Amino acid sequence: MKENIFNKTREELESYFESIGEKKFKALQVYEWLYEKREFNIDNFSNIKKEIRDKLKNDFNTDMISMEKKQEDDLVKKYLFKLNDGEYIEAVVMHHDYGSSICVSSEVGCNMACKFCESGRQKKVRNLEAYEIVEQILVIERDLQIRLSSVVIMGIGEPLDNYENIIKFIKIINDPKGIAIGARHITLSTCGLVPKIYELAELSLQINLAISLHASNNELRNKLMPVNKVYNLDNLLEAIKDYLQRTGRRVTIEYVMLDNVNDSKENALELAKLFKGMNIYVNLIPYNETNHLEFKRSSKNKIMTFYDTLKKSGINCTIRREFGSNIDAACGQLRGKNI
699 MKENIFNKTR EELESYFESI GEKKFKALQV YEWLYEKREF NIDNFSNIKK
749 EIRDKLKNDF NTDMISMEKK QEDDLVKKYL FKLNDGEYIE AVVMHHDYGS
799 SICVSSEVGC NMACKFCESG RQKKVRNLEA YEIVEQILVI ERDLQIRLSS
849 VVIMGIGEPL DNYENIIKFI KIINDPKGIA IGARHITLST CGLVPKIYEL
899 AELSLQINLA ISLHASNNEL RNKLMPVNKV YNLDNLLEAI KDYLQRTGRR
949 VTIEYVMLDN VNDSKENALE LAKLFKGMNI YVNLIPYNET NHLEFKRSSK
999 NKIMTFYDTL KKSGINCTIR REFGSNIDAA CGQLRGKNI
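Using the numbering used here, the first residue of the sequence shown is number 699, and each one after it goes up by one.
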């Protein structure tokens, strides 16, 4: 079976061309056609001789994931994609004053089973290949006739559970001759796969790391997030400290506000104690309720009290702007079902 050409980093294409006795600069030419000119028909790569184009067509395909449905809300669009094996995923585009961002999925389903998340109700079927993540961007940019300015890997799936493909995806979109999205405009969100956080730190990428924490102590996090039974808060905090030291990059702590679950002033004080003196900021996320899960959103008063408590304790803190809840496109609502 032929490999999809969007699965190749530029370095891998250079190795490919050298393996067939050609100069490696041909890889740059291919990248310019695919990503700068957005020409996906290999026959039209006019500055590459025909015998090489024929070889490329023999060895690679340019098949795209298909857009099955698009839903729109204020400043948000949600896309349902059908993959070549018949599985479904979703991606979301958010329009801001400074540009447009995309939230991409990394897996079909998710094994993390966080209790408050719709995506976690779908058992993981498989990892997405790098090209299937890249193509979420390409298809949406073609549909909207825009270039996206930032990427968050926060859709369906746990990115670090698909580590190799995610790193390849980041290399392709960060390549100045690829999609050319700067590292500081790429955010990876993880629920806390500690060994992979250490691996990621060793790469010293300048991307943004976000940790889905959602609890201020181990007892509560065990109830909400099964991953904590494997990598508890002590393990996770050590990994975050290592990441901070190695990369020099600030880490985001994501904290969804669940009514009468994790939103007390005591929880805020516990959270502040965990991260005192660390180069982090806490992003408070008003919970996006769904029909299938029992959790409710914290009141505005509780969210503000939590926020004020963190600020008074010296913790940098923001409250996430809400997008897309009317079309189930908000944080924690993606399912990837054709319904």
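Note that CB positions come from ideal geometry on N, CA and C, so glycine has one too. Note that the structure is predicted; figures quoted are calculated from it, not measured.
C-beta atoms of Asn-1052 and Leu-942 nearer than 8 Å: Here the chain has residues from 699 to 1037 only, and residue 1052 is not among them.
Of the residues Glu-716, Lys-775, Ala-811, Ile-895, the one placed nearest Cys-801, counting alpha carbons only: As a working note, residue 801 is residue 103 in the sequence shown. Checked all of Glu-716, Lys-775, Ala-811, Ile-895; the closest Cα to Cys-801 is Lys-775.
Within the region 939-999, ranges of the alpha helix (DSSP H) (whole runs, at least 4 residues): 963-973
Close Cβ partners of Ser-996 (< 6 Å) along its chain, the five nearest in sequence each way excluded: Looking up residue 996 in the sequence shown gives position 298. Excluding residues within five positions, the ones whose Cβ falls inside 6 Å are Met-955, Asp-957, Asp-961.
Coarse secondary structure for Asp-841, derived from DSSP in three states: Numbered from 1 along the sequence shown, position 143 holds the residue referred to as residue 841. Three-state result, Asp-841: helix.
Phe-973 versus Tyr-1005 - alpha carbon distance: One-based indexing of the sequence shown puts residue 973 at position 275. One-based indexing of the sequence shown puts residue 1005 at position 307. Their backbone Cα atoms lie some 15 Å apart in a straight line.
Supposed close pair Arg-944, Glu-900 - CB separation, criterion 8 Å: Numbered from 1 along the sequence shown, position 246 holds the residue referred to as residue 944. Numbered from 1 along the sequence shown, position 202 holds the residue referred to as residue 900. That pair is a contact at about 7 Å.
Beta-carbon gap between Arg-736 and Lys-875 smaller than 8 Å: Stepping through the sequence shown from its first residue, residue 736 is reached at position 38. Stepping through the sequence shown from its first residue, residue 875 is reached at position 177. No, these two residues do not count as a Cβ contact at 8 Å.
Terminal residues of the beta strand (DSSP E) in which Tyr-733 lies: Your numbering for residue 733 matches position 35 in the sequence shown. No beta strand (DSSP E) holds Tyr-733; DSSP gives it neither H nor E.
Coarse secondary structure for Asn-702, derived from DSSP in three states: Counting from one through the sequence shown, the residue named residue 702 turns up at place 4. Note: Asn-702 maps to strand in three-state DSSP.
Among Arg-840, Asn-702, Ala-725, Phe-715, the one whose alpha carbon lies nearest that of Asp-873: Along the sequence shown, one-based indexing puts residue 873 at 175. Of the listed residues, the one whose Cα sits closest to Asp-873 is Ala-725.
Range of the contiguous alpha helix (DSSP H) that encloses Gln-727: Sequence index remark: in the sequence shown, residue 727 carries index 29 (1-based). It spans 723-729 - the alpha helix (DSSP H) in which Gln-727 sits, taken as one unbroken run.
DSSP three-state assignment for Val-892, whether helix, strand or coil: As a first step, residue 892 is located in the sequence shown; it is residue number 194 there, counting from the start. In this structure, Val-892 counts as helix in the three-state DSSP scheme.
Asn-706 classed as buried or exposed, judged by whether at least 16 other C-beta atoms fall within 10 angstroms: Mapped onto the sequence shown, residue 706 falls at position 8. Residue identity differs from the one stated: residue 706 is Lys in this sequence, not Asn. With 16 or more other Cβ atoms within 10 Å, it is buried.
With 16 other Cβ atoms within 10 Å as the buried cut-off, status of Asp-859: Translated into the one-based positions of the sequence shown, residue 859 becomes position 161. Classification for Asp-859: buried.
Those residues which DSSP pairs with Arg-824 across a bridge: Here residue 824 corresponds to residue number 126 of the sequence shown, with the count starting at 1. In DSSP, Arg-824 forms a bridge with Val-806.
Beta bridge counterpart(s) of Gln-769 as assigned by DSSP: The sequence position of residue 769 within the sequence shown is 71, counting from 1. Lys-776.
CB-CB length for Arg-1018 against Leu-991, believed under 8 Å: As a first step, residue 1018 is located in the sequence shown; it is residue number 320 there, counting from the start. As a first step, residue 991 is located in the sequence shown; it is residue number 293 there, counting from the start. About 19 Å; that fails the 8 Å criterion.
CB-CB length for Asp-741 against Arg-751, believed under 8 Å: By 1-based counting over the sequence shown, the position of residue 741 is 43. By 1-based counting over the sequence shown, the position of residue 751 is 53. Correct: roughly 6 Å between the Cβ atoms.
Through-space distance from Ile-851 to His-883, alpha-carbon basis: For the purposes of this step, residue 883 is taken as residue 185 along the sequence shown, with counting starting at 1. For the purposes of this step, residue 851 is taken as residue 153 along the sequence shown, with counting starting at 1. Each residue's Cα considered, the two are about 11 Å apart.
Spatial neighbours of Asn-1014 in its chain, beta-carbon cut-off 6 Å, leaving aside the 5 residues before and after: Working through the sequence shown from its first residue, we reach residue 1014 at position 316. Tyr-979.
Inter-residue Cα distance where the pair is Lys-843 and Glu-827: The residue given as residue 843 occupies position 145 in the sequence shown. The residue given as residue 827 occupies position 129 in the sequence shown. The sequence shown places Gln at residue 843, not Lys. Those two C-alpha atoms are separated by around 25 Å.
Identity of the residue in Arg-840, Leu-836, Ser-914 nearest Ala-970 by Cα: For this step, residue 970 is matched to residue 272 along the sequence shown. Nearest option by C-alpha distance: Ser-914.
Cβ-based neighbour list, Ala-1027, same chain, cut-off 6 Å, excluding 5 preceding and 5 following: Within the sequence shown, numbered from 1, the residue matching residue 1027 stands at position 329. Reliability of the predicted coordinates at Ala-1027 is poor, the pLDDT of 46 falling under 50, and no value is obtained from them.
Terminal residues of the beta strand (DSSP E) in which Ser-1011 lies: Position 313 of the sequence shown, counted from the start, is the residue given in the question as residue 1011. Premise fails: Ser-1011 is in no beta strand (DSSP E) and is neither H nor E.
Arg-919 versus Glu-805: straight-line alpha-carbon distance, rounded: In the sequence shown, residue 919 corresponds to position 221, counting from 1. In the sequence shown, residue 805 corresponds to position 107, counting from 1. In a straight line, the C-alpha of Arg-919 is about 23 Å away from that of Glu-805.
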